[in-house]
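Protein chains in written order, with numbering that gives the first Met the number 0: chain A, 0 to 260; chain B, 0 to 310. Ideal Cβ placement from N, Cα and C applies to all residues, glycine included. Structure record follows, encoded as structure tokens.
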Amino acid sequence: MDTVAPRARFDPRGLVELDERVPGTAEIDGDHASFDARELTTRQINLELRRLIYELGVHEVTVRNPGAKHSLGVGILARCKLTFEGSLGYFACGLIDGPEVHITGRVGWSSCENMMSGVCVIDSNAGSLTAAALRGGDVVIKGQVGARTGIDQKGGTVIILGDAGSMTGFMMQRGRQIICGNAGHGLGDSMYDGTLYVGGKVASLGIDCVPGEWTDADTEFVTRKFSIYGLGEPPELQKFVCGKKLYNYDSLEPSERKMVL
Amino acid sequence: MCGIAGIIYKNGNGAHRLGSDMTRMLQSMKHRGPDSTGYALYRRPSADLIMRIKLADGGADGDIEYADRLRRRRREVEARLRAAGARVDSIDEINEYTIAVALDYDGELKHVADYVESVPGTEVLSAGSALEIIKDLGDAQTVGDAYKLGGYIGTHGIGHVRMATESDVDISNAHPYWAYPFSDVAVVHNGQLTNYHQWRRRLERMGHRFASECDSEIIAVYLAQKMSEGESLELAMRHSLDDLDGVFTYICVSDGALGMAKDELAAKPLVLYEGDDMVVLASEEMAIRAVIDHEIETYDPYESEVMVWTR
Numbered sequence: 000m001d002t003v004a005p006r007a008r009f010d011p012r013g014l015v016e017l018d019e020r021v022p023g024t025a026e027i028d029g030d031h032a033s034f035d036a037r038e039l040t041t042r043q044i045n046l047e048l049r050r051l052i053y054e055l056g057v058h059e060v061t062v063r064n065p066g067a068k069h070s071l072g073v074g075i076l077a078r079c080k081l082t083f084e085g086s087l088g089y090f091a092c093g094l095i096d097g098p099e100v101h102i103t104g105r106v107g108w109s110s111c112e113n114m115m116s117g118v119c120v121i122d123s124n125a126g127s128l129t130a131a132a133l134r135g136g137d138v139v140i141k142g143q144v145g146a147r148t149g150i151d152q153k154g155g156t157v158i159i160l161g162d163a164g165s166m167t168g169f170m171m172q173r174g175r176q177i178i179c180g181n182a183g184h185g186l187g188d189s190m191y192d193g194t195l196y197v198g199g200k201v202a203s204l205g206i207d208c209v210p211g212e213w214t215d216a217d218t219e220f221v222t223r224k225f226s227i228y229g230l231g232e233p234p235e236l237q238k239f240v241c242g243k244k245l246y247n248y249d250s251l252e253p254s255e256r257k258m259v260l
Numbered sequence: 000m001c002g003i004a005g006i007i008y009k010n011g012n013g014a015h016r017l018g019s020d021m022t023r024m025l026q027s028m029k030h031r032g033p034d035s036t037g038y039a040l041y042r043r044p045s046a047d048l049i050m051r052i053k054l055a056d057g058g059a060d061g062d063i064e065y066a067d068r069l070r071r072r073r074r075e076v077e078a079r080l081r082a083a084g085a086r087v088d089s090i091d092e093i094n095e096y097t098i099a100v101a102l103d104y105d106g107e108l109k110h111v112a113d114y115v116e117s118v119p120g121t122e123v124l125s126a127g128s129a130l131e132i133i134k135d136l137g138d139a140q141t142v143g144d145a146y147k148l149g150g151y152i153g154t155h156g157i158g159h160v161r162m163a164t165e166s167d168v169d170i171s172n173a174h175p176y177w178a179y180p181f182s183d184v185a186v187v188h189n190g191q192l193t194n195y196h197q198w199r200r201r202l203e204r205m206g207h208r209f210a211s212e213c214d215s216e217i218i219a220v221y222l223a224q225k226m227s228e229g230e231s232l233e234l235a236m237r238h239s240l241d242d243l244d245g246v247f248t249y250i251c252v253s254d255g256a257l258g259m260a261k262d263e264l265a266a267k268p269l270v271l272y273e274g275d276d277m278v279v280l281a282s283e284e285m286a287i288r289a290v291i292d293h294e295i296e297t298y299d300p301y302e303s304e305v306m307v308w309t310r
């Protein structure tokens with residue numbers, strides 16, 4: 000008797016691509032692989048990425064013509080170099096742990112969501128909710144970003160060379176953001192902790208977000224990050240932190256609390 | 000969820016591609032709304048008033064009186080058009096339940112539209128010298144093919160793919176909405192409006208009619224009311240940001256302009272591309288990539304933004 004449960008077949012709109020196969024179209028040259036994504040679906044591209052990185056152990060992958068498709072490069076949990084030549088759609092490179100990603104175009108909403116570690120450099124603009132719930136790693140956006148960047152951020156660093164939209168750093172709990180341009184209304188609204196640096200004008204501060212005192216550690220941090228990514232001399236920045244009037248809570252992760260005790 | 004898109008060609012470039020470009024954009028956003036698809040397309044203005052009239056919502060199986068009812072309604076519509084003082088120059092049968100009527104008429108648009116809609120079951124989908132609204136159930140490919148939009152020549156247009164959240168799935172509840180009775184103005188919307196009932200009551204007291212239960216229709220009627228008070232399209236759109244509650248991004252068009260407005264939370268997406276020969280905007284960049292094959296610079300407008308482009 001067959002004991003294996005049948006696979007779910009419910010896909011009335013035909014959007015899920017249940018039976019997609021790995022296309023295997025990449026050209027592999029030693030440690031580097033590249034493939035054209037123009038004719039591939041989202042699932043095919045992600046399957047191909049997984050084959051190259053996990054099965055073949057390739058360390059550098061270039062994806063050409065991603066065509067702003069959604070959910071590309073999601074959940075890659077290995078140290079590798081990924082380059083997307085073009086723009087990506089929503090949820091680009093979310094949930095990654097380790098990769099060094101370079102996107103030469105723009106990204107849509109919710110890119111680098113819940114990223115654990117690694118680097119993501121975006122050469123152009125980004126949509127709203129960039130680096131939402133970021134846990135670690137660096138996200139560098141060379142253009143402007145939409146609203147609510149780093150909402151619920153729990154670690155890591157976001158660097159924005161252009162302007163940021165409203166509610167940037169909303170409910171941020173840890174980590175840092177360096178915004179070289181202007182910031183929209185409600186900067187750092189309801190933040191618990193973490194630091195926001197702003198180079199331009201702030202339209203308005205959110206609830207319980209207050210100017211912070213600049214220290215040598217701030218100068219060292221900003222200078223170091225700018226030099227790592229070759230961004231030149233950092234602009235004059237203003238620092239904003241949580242006023243701690245709204246919330247009182249323990250800012251340590253459970254594992255860290257054990258260490259302190 | 001819903002997906003919205005708009006395209007306006009500058010300097011008359013690309014006009015021959017309007018129908019196929021809109022279909023490609025909307026089809027690439029099918030995942031945002033597979034229930035119904037709609038287009039508001041503008042062609043070169045004609046001397047006649049073009050009125051697109053829906054006679055029924057498509058026939059139900061086993062409805063033996065359907066064909067008969069359509070014939071009766073159509074006769075009645077033609078009679079009332081004449082009674083309202085309009086001369087019917089031609090009637091184009093788009094499909095069994097939609098007709099496009101070319102009218103020679105100089106009177107008030109509301110007068111003749113009300114006359115037509117007094118025939119039970121009929122609805123004026125759009126009216127104007129340049130505007131044509133096409134909407135039906137199914138994805139963009141289905142609707143585009145059924146209404147033969149592949150070769151549609153026009154100057155600009157907007158479109159919508161719908162995922163119904165607030166009201167029924169039928170043609171009346173599909174977007175775009177014509178700003179009844181304002182000629183050549185139409186709206187598509189992505190989002191939810193929370194003060195719909197207040198505005199609906201208010202606008203009904205002012206004498207406006209509603210063809211559906213869909214919250215998005217408020218935007219079209221609201222803009223029509225503001226414009227009838229003498230406001231420009233752009234000013235009416237700016238006022239809508241204060242007057243309408245909820246989360247929304249909408250695109251509206253008139254015969255000479257295309258505009259977008261985004262609520263103060265920037266809760267609904269929109270991506271913009273402004274090129275030398277065209278402006279394209281859509282809920283997702285994928286849709287823009289569907290019509291432009293080279294690398295381009297796109298960006299998201301910020302909260303409370305209103306932008307208008309003219310041809």
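Residue i versus residue j - alpha carbon distance
i: A:Gly241; j: A:Arg175; result: Here residue 241 of chain A turns out to be Cys, not Gly, going by the sequence shown. So the two alpha carbons sit approximately 12 Å from each other.
i: A:Glu252; j: A:Thr156; result: 18 Å
i: A:Gly74; j: A:Arg63; result: 19 Å
i: B:Glu312; j: B:Arg74; result: The requested residue 312 of chain B is not part of the displayed model; chain B covers only 0 to 310.
i: A:Glu84; j: A:Val106; result: 12 Å
i: A:Thr82; j: A:Glu26; result: 15 Å
i: A:Gly136; j: A:Thr129; result: 13 Å
i: B:Val220; j: B:Lys29; result: 27 Å
i: B:Ser231; j: B:Asn189; result: 23 Å
i: A:Tyr196; j: B:Gly245; result: 31 Å
i: B:Asp103; j: B:Met162; result: 38 Å
i: B:Arg16; j: A:Val120; result: 36 Å
i: A:His58; j: B:Ala139; result: 41 Å
i: A:Gly199; j: A:Gln143; result: 13 Å
i: B:Phe321; j: B:Tyr114; result: A query on residue 321 of chain B cannot be resolved here, the shown segment of chain B reaching from 0 to 310 and no further.
i: A:Pro210; j: B:Tyr298; result: 30 Å
i: A:Val138; j: A:Thr61; result: 19 Å
i: B:Glu165; j: B:Asp214; result: 7 Å
i: A:Pro233; j: A:Asp192; result: 23 Å
i: B:Leu130; j: A:Gly104; result: 36 Å
Within chain A, partners of residue i - CB distance below 8 Å
i: B:Val205; result: Before going on, a small fix: residue 205 of chain B reads as Met here, not Val. By Cβ distance, chain A contributes nothing, its closest Cβ being about 33 Å from B:Met205, past 8 Å.
Residue i, buried or exposed, once every other Cβ within 10 Å from all chains shown has been counted against 16
i: B:Ala173; result: buried
i: A:Asn113; result: buried
i: B:Glu216; result: buried
i: B:Ala59; result: exposed
i: A:Glu255; result: exposed
i: A:Ile227; result: exposed
i: B:Leu280; result: buried
i: A:Gln152; result: buried
i: A:Trp108; result: buried
i: A:Gly133; result: Reading off the sequence shown, one finds Leu at residue 133 of chain A, where the question assumed Gly. It counts as buried.
i: A:Leu55; result: exposed
i: B:Leu222; result: buried
i: A:Leu51; result: buried
i: B:Glu228; result: exposed
Neighbouring residues, chain A, relative to residue i (Cβ below 7 Å)
i: B:Val294; result: Reading the sequence as shown, one finds Glu at residue 294 of chain B and not Val. In chain order: Gly85, Gly104.
i: B:Arg288; result: Gly66, Ala67
Where residue i meets chain B, residues with beta-carbon distance less than 8 Å
i: A:Gly88; result: Glu283, Glu284, Met285
i: A:Ala36; result: Within 8 Å Cβ-Cβ: nothing; A:Ala36 doesn't reach chain B, min ~12 Å.
i: A:Gly93; result: By Cβ distance, chain B contributes nothing, its closest Cβ being about 16 Å from A:Gly93, past 8 Å.
i: A:Gly107; result: Pro268, Val270, Glu283, Glu284
Chain-ordered chain B contacts of residue i [CB-CB under 9 Å]
i: A:Ala146; result: Leu264, Ala265, Ala266, Asp299, Tyr301, Glu302
i: A:Ser165; result: Glu263, Leu264, Ala265, Tyr301, Glu302, Ser303
i: A:Gln172; result: Ordered by position in chain B, no residue passes the 9 Å Cβ test against A:Gln172, which lies about 21 Å from the chain.
i: A:Gly183; result: Ala265, Tyr301, Glu302
Contacts of residue i in chain A (Cβ-Cβ under 9 Å)
i: B:Arg72; result: Correct list: empty, because the minimum Cβ distance to chain A is about 34 Å.
Contact list for residue i against chain B, beta-carbon separation under 7 Å
i: A:Gln143; result: Tyr298
>> Along the region 121-136 of chain A, where does the CB come closer than 7 Å to a CB of chain B? Name the residues.
In response: Ser123, Asn124, Gly126, Ser127
>> Runs of 4 residues minimum, wholly inside the region 109-176 of chain B: which ones carry the alpha helix (DSSP H) assignment?
In response: 139-145
>> In chain order, what are the residue ranges of uninterrupted beta strand (DSSP E) at least 3 long that sit wholly in the region 131-171 of chain A?
In response: 137-140, 153-159
> Mind listing which residues of the region 296-307 of chain B have their C-beta closer than 7 Å to chain A's C-betas, in chain order?
Replying inline: Glu296, Thr297, Tyr298, Asp299, Tyr301, Glu302
>> My parser needs the alpha helix (DSSP H) runs of 4 or more residues fully inside the region 189-236 of chain B; what are they?
In response: 195-204, 216-227
> Looking at chain A, which residues of the region 187-221 of chain B have a Cβ within less than 9 Å of any of its Cβ atoms?
Replying inline: none
>> My parser needs the beta strand (DSSP E) runs of 3 or more residues fully inside the region 52-105 of chain A; what are they?
In response: 59-63, 80-84, 96-102
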